[in-house]
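Okay, structure first, notes after.
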Amino acid sequence: MITRDDGGFDRGRGSAYHCAPMLTSRLPGKVEPYKLAARAEHLEGLVALADMARLAEEVGAQSGDAQVWLDFAIDPQGRREIRGYLKADLQLPCRRCLEPMAQQVESDFRLGMVTSDALAAELPSTHEPVLVENEQLNLLAVVEDELILSLPQVVYHDEAECPVSRDQLNSGEATDASASAPASPFDVLRQIKGKP
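Letter 60 of the sequence shown, counting from 1, is numbered 60 in the UniProt record's numbering, and no numbers are missing.
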């Protein structure tokens, strides 16, 4: 759904994204971002998590949708930018037991549209570069990048809910495993030479 921009994150309705009603429409796969910025357009909609192959490689296959809100604009310095907010309920693997657990991931981001690496280097630190090729922008890739960047570093179940306790991780099982580790290459060499 495309609507005319009437504010934005930093223009008086800052909580609109965080309190917005449930989205029902799909974001388009590709857009012409320079045209949207020239008209100060607002896009909002859903992006299917199952379509995100790189996210699946990072944390496993996902279902459901990411909810995304995007404001396209030209800033006072003439830079074309996208200010966005997204949130998604993901199933991320617990670092202790590797079983999936529900986590909500959210991200506020500000992207500067560029057509080359040289232009990306000129962006201020407040903007992440987003490459626009042939005046087209792949929104699925943008949303997937932001989700991957927003993943928590480490996820654990509460100890009471996790099938693997901290004690099991630090128990003697690890030393048993190291005792039965394969012999070193030097041990093999000693046996070949007939030395103890």
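No residue lacks a Cβ here, since even glycine has one placed at the ideal position from N, Cα and C. Quick caveat: nothing in here was measured; it's all calculated off a predicted structure.
Take H157 and list the residues in its own chain whose beta-carbon comes closer than 6 Å to its own, dropping the five residues that flank it on each side. Taking the sequence shown and counting its residues from 1, one reaches residue 157 at position 157. Counting only Cβ-Cβ distances below 6 Å, and skipping sequence neighbours, we find C94 and M101.
Based on Cα-Cα distance, which residue from P152, A141, D145 and E128 lies nearest to I82? Counting from one through the sequence shown, the residue named residue 82 turns up at place 82. In terms of Cα proximity to I82, the closest of P152, A141, D145 and E128 is E128.
Quick one, which of Q62, E122 and L98 has its alpha-carbon nearest V155's? Here the question's residue 155 lines up with position 155 in the sequence shown. Of the candidates Q62, E122 and L98, the one whose C-alpha sits nearest the C-alpha of V155 is L98.
Reducing DSSP to helix, strand and coil, say where D65 ends up. Indexing the sequence shown from 1 puts residue 65 at position 65. Look at D65 here: in three-state DSSP terms it is strand.
Candidates A120, L119 and L86, of which the one nearest Q104 by Cα: Counted from its first residue, the sequence shown places residue 104 at position 104. That would be L86, whose Cα lies nearest to the Cα of Q104.
Rounded to whole angstroms, how far is the Cβ of V59 from the Cβ of L23, which I believe are closer than 8 Å? The residue you call residue 59 lines up with position 59 of the sequence shown. The residue you call residue 23 lines up with position 23 of the sequence shown. That belief does not hold up - the Cβ atoms of V59 and L23 are roughly 23 Å apart, past 8 Å.
Distance, Cα to Cα, A38 vs A118? As a working note, residue 38 is residue 38 in the sequence shown. As a working note, residue 118 is residue 118 in the sequence shown. Those two C-alpha atoms are separated by around 23 Å.
Rounding to the nearest angstrom, what Cα-Cα distance links L55 and L43 in this structure? Residue numbering aside, residue 55 sits at position 55 when the sequence shown is read from its first letter. Residue numbering aside, residue 43 sits at position 43 when the sequence shown is read from its first letter. Using only the alpha carbons, I get a separation of about 23 Å.
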